[in-house]
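**Q** Got a structure here, written out as structure tokens. Questions coming.
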Amino acid sequence: MRSTPAAFYPSKLSTKPQRREETEVLIETFIRKQLRLKAHTVTKVTDTEEFMVVHIDRLGRRLLRCGVCRQRCREVHSVRPEREWRDLSMRKQRLKLRYHPRRVECPRCGVRVEDFPWAEAWSRVTTALSNAVAVLARELSWQGTARQYGLNWKSVATIVKRAVEYGLHHRTRLPVHVIGMDEVSRRKGQVYLTVVYDLERRVLLWVGEDRTEEAVKKFFTEEMGRRRCRTLQVVCMDMWTAYAKLVREHAPNAQILFDRFHIVKHLNEAVEEVRRSEMRRLSAKEKVPFKRSRWLLLKNPWNLTSDQKERLSTLVRWNTPIVRAYYLKESFQLFWEYRQSSRAEAHLQKWMNSAMRSRLKPFQTFARMLRTHLDGILPWTKLRLSNGAVEGMNNKIKSISHRSFGFRSAKNFIAAIYHCCARLPLPVER
Ligand SMILES: [Zn+2]
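Quick note on this note's numbering: the sequence shown kicks off at 55 and runs consecutively.
Given below as structure tokens:
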């Protein structure tokens, strides 16, 4: 006899329903606690095919808060039509909140829509959902994030842009001493943006459309302001006239330092130009030893394999422009190692003279560029700073642009860059 007739133990049965009430939690209570509702309550939870709908109402006569200043308000002015908010899913169930917002009479602000503890004023999703979306959007494309949360791309774009707006408004603005200015290209070098990093904290400070003087001026006037400009000590940048001019104008006390990696990039471009023009000049037979020599010449010699070293020494035996370019490149690099300013300067002067005598046009151009920028190159020996510290961040920006197949609008791209690189705070979930 497996099942015992209920009537057999009448005393035990009567206690059972009571015990259940203690341990079972109604879904309404659970959600109310999850949302941390105090002046509101969950009246019922219903199912539609796609969503679980959570109906919310005011709890008794608890005081509601003003949506503008969050002050508790005594009087409710009117009840608005029902509104909906998407919330985080529960397991696979998509969740929606429904509520008739009240308009309250705030002693300070007048008649205003109440404050919703679960969402920002105009948002159509809860703060919990928008924060979860924002966190994922730092790792994935907006498209991928949208798919993950069953939203459309536009909603994700709105959430990220709101989060950035909030973050920029609420971030702590500490004094800045060392900054790096750089440009990033959008759509294969057709459009440029200017990015400014705090090199000490390795965090993005500002992104601006374009790289013109007019556009970048906003960084100094709007983002920094006159008082914060005064604390600037070093500005690291490419040899780009617009940037240097702005620094001299708005932060005259700051030392301009032309960035090591940019200088080396110009140098490598000179090597490449010599190689290319030589390749055009040489006959097919003469070209053979130079085939695929590009990386051989650009690579640092200590990174070469023994096979590559062998090939390089063959090239060196022919005293061609390509080889001269290679030696000029190598000897220039010694500049970075000097510890004494006077010796570093002497080396650079000697190098520029030999570059001018080299009969290599690209190197003459490069040497002339160095000569006019010496006041921002020589301080390297003392400062030893470069944008290399934030190179990872520059790569991140490139990958943001890649994974989104290049943002159509600069505004969206800028928002995505801030979102991923500026370490902005997200709205607090109440
Ligand atoms: Zn108010």
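For each residue, glycine too, the CB sits at the ideal point set by N, CA and C.
Span of the beta strand (DSSP E) holding Gly234?
**A** From DSSP, the beta strand (DSSP E) with Gly234 extends over 232-240.
**Q** Skipping 5 residues on each side, what residues in its chain have a beta carbon closer than 7 Å to that of Ile81?
**A** Only Val99 meet the Cβ criterion.
**Q** Taking the alpha carbon of Arg265 as the reference point, which residue from Met293, Gln147, Arg477, Trp207 has its own alpha carbon closest?
**A** Taking only the C-alpha atoms, the option nearest Arg265 is Met293.
**Q** Contact defined as beta carbons within less than 8 Å: I believe Cys290 pairs with Leu432. What is the distance between those atoms, to the nearest angstrom?
**A** Not really, about 14 Å apart at Cβ, beyond 8 Å.
**Q** Candidates Thr199, Arg137, Cys123, His154: which alpha carbon is nearest Cys163's?
**A** Ranking Thr199, Arg137, Cys123, His154 by Cα distance to Cys163 puts Cys123 first.
**Q** Given that a residue counts as buried once 16 or more other Cβ atoms are within 10 Å of its Cβ, and exposed if not, what is Tyr383?
**A** Looking at the sequence shown, residue 383 is not Tyr but Lys. Under this definition Lys383 is a buried residue.
**Q** Can you give the Cα-Cα distance for Lys450 and Trp196, rounded to whole angstroms?
**A** The alpha-carbon atoms of Lys450 and Trp196 are separated by roughly 15 Å.
**Q** Pick helix, strand or coil for Met333, following the three-state DSSP scheme.
**A** Looking at Met333 - three-state DSSP - the assignment turns out to be helix.
**Q** Taking a cut-off of 6 Å, which residues have a beta-carbon closer than that to any heavy atom of ligand 1, in chain order?
**A** Any residue whose Cβ sits closer than 6 Å to a heavy atom of ligand 1 makes the list: Cys120, Val122, Cys123, Gln125, Cys160, Arg162, Cys163, Arg166.
**Q** Could you tell me the alpha carbon to alpha carbon distance between Glu267 and Arg462, rounded to whole angstroms?
**A** Taking the straight line from one Cα to the other gives about 24 Å.
**Q** Among the residues of its own chain, which have a CB less than 8 Å from the CB of Arg284, if the five just before and after it don't count?
**A** Closer than 8 Å at the Cβ level, and outside the excluded window around Arg284, lie Ala305, Asn307.
**Q** Report buried or exposed for Asn441, applying the criterion of at least 16 other Cβ atoms within 10 angstroms of its Cβ.
**A** Counting Cβ neighbours within 10 Å, Asn441 comes out buried, since at least 16 surround it.
**Q** Closest to His316 by C-alpha separation, out of Ala379, Gln387, Arg335, would be which residue?
**A** The option with the nearest alpha carbon to His316 is Gln387.
**Q** What's the C-alpha gap between Ser239 and Leu247?
**A** Ser239 and Leu247: Cα-Cα distance of roughly 6 Å.
**Q** From this set, Gln88, Glu391, Arg281, Gly121, which residue's C-alpha is nearest Ser177's C-alpha?
**A** Nearest C-alpha to Ser177: Gly121.
**Q** So, are the CB atoms of Arg156 and Leu478 less than 8 Å apart?
**A** Cβ atoms of Arg156 and Leu478: not closer than 8 Å.
**Q** What separation, rounded to the nearest whole angstrom, lies between the Cα atoms of Leu67 and Val79?
**A** In this predicted model, Leu67 has a pLDDT of only 45, less than 50, meaning its place in the structure is not dependable enough to derive any value.
**Q** I need the straight-line Cα distance from Lys70 to Ala211, nearest angstrom please.
**A** Because Lys70 sits at a pLDDT of 48, beneath the cut-off of 50, its placement in the model cannot be relied upon, and the point is left open.
**Q** Mind checking whether Ala409 and Ala400 have CB atoms under 8 Å apart?
**A** No, they are not a contact pair.
**Q** With a Cβ-Cβ cutoff of 8 Å, do Gly199 and Val187 count as a contact?
**A** Just to set this straight, residue 199 is Thr in the shown sequence, not Gly. In contact: Thr199 and Val187 (Cβ atoms closer than 8 Å).
**Q** Output the distance between the C-alpha atoms of Arg86 and Arg281, rounded to the nearest integer angstrom.
**A** Spanning the two alpha carbons is a distance of roughly 48 Å.
**Q** Should Pro416 go down as buried or exposed, given a rule of 16 or more other Cβ atoms within 10 Å for buried?
**A** Pro416 should be labelled buried.
**Q** Do the segment 319-331 and the segment 353-361 meet, that is, are 3 or more Cβ pairs less than 8 Å apart?
**A** Judged by Cβ distances under 8 Å, the segment 319-331 makes no contact with the segment 353-361, as fewer than three pairs qualify.
**Q** Return the chain-ordered ranges of every beta strand (DSSP E) run that is complete within the segment 239-311 and spans a minimum of 3 residues.
**A** As far as the segment 239-311 is concerned, its whole beta strand (DSSP E) runs of at least 3 residues are 245-252, 257-263, 288-291.
**Q** Out of Leu228, Thr374, Ser209, Pro135, which one is the CA nearest neighbour of Glu340?
**A** Comparing Cα-Cα distances from Glu340 to each of Leu228, Thr374, Ser209, Pro135, the minimum goes to Thr374.
**Q** Mind the definition here: the segment 249-257 touches the segment 443-458 only if three or more C-beta pairs lie below 8 Å; say whether that holds.
**A** They touch, by the three-pair rule.
**Q** In the DSSP assignment, find the beta strand (DSSP E) that holds Gly442 and state where it starts and stops.
**A** Per DSSP, Gly442 belongs to no beta strand (DSSP E) and is neither H nor E.
**Q** Please give me, in chain order, every unbroken run of the alpha helix (DSSP H) with length at least 4 that falls completely inside the segment 394-418.
**A** Qualifying alpha helix (DSSP H) stretches, in chain order: 395-411.
**Q** Does the beta-carbon of His94 have 16 or more other beta-carbons within 10 angstroms, so that it is buried, or is it exposed?
**A** His94 should be labelled buried.
**Q** Could you tell me the alpha carbon to alpha carbon distance between Ser57 and Val108, rounded to whole angstroms?
**A** Because the pLDDT at Ser57 is just 45, under 50, the model does not fix this residue reliably, and the point stays unresolved.
**Q** Please report how far the alpha carbon of Glu136 lies from the alpha carbon of Arg112, in whole angstroms.
**A** Distance between the alpha carbons of Glu136 and Arg112: 13 Å.
**Q** Going by C-alpha to C-alpha distance, which of Ser395, Arg413, Asp361, Gln403 sits closest to Val377?
**A** Among Ser395, Arg413, Asp361, Gln403, the Cα nearest to that of Val377 is on Arg413.
**Q** Among residues of its own chain, excluding the 5 on either side of Thr181, which ones have a beta-carbon nearer than 7 Å to its beta-carbon?
**A** Around Thr181: Trp172, Ala173, Glu174, Pro481, Glu483.
**Q** What residue from Val342, Leu311, Val232 has the CA that sits closest to Leu258's CA?
**A** Nearest option by C-alpha distance: Val232.
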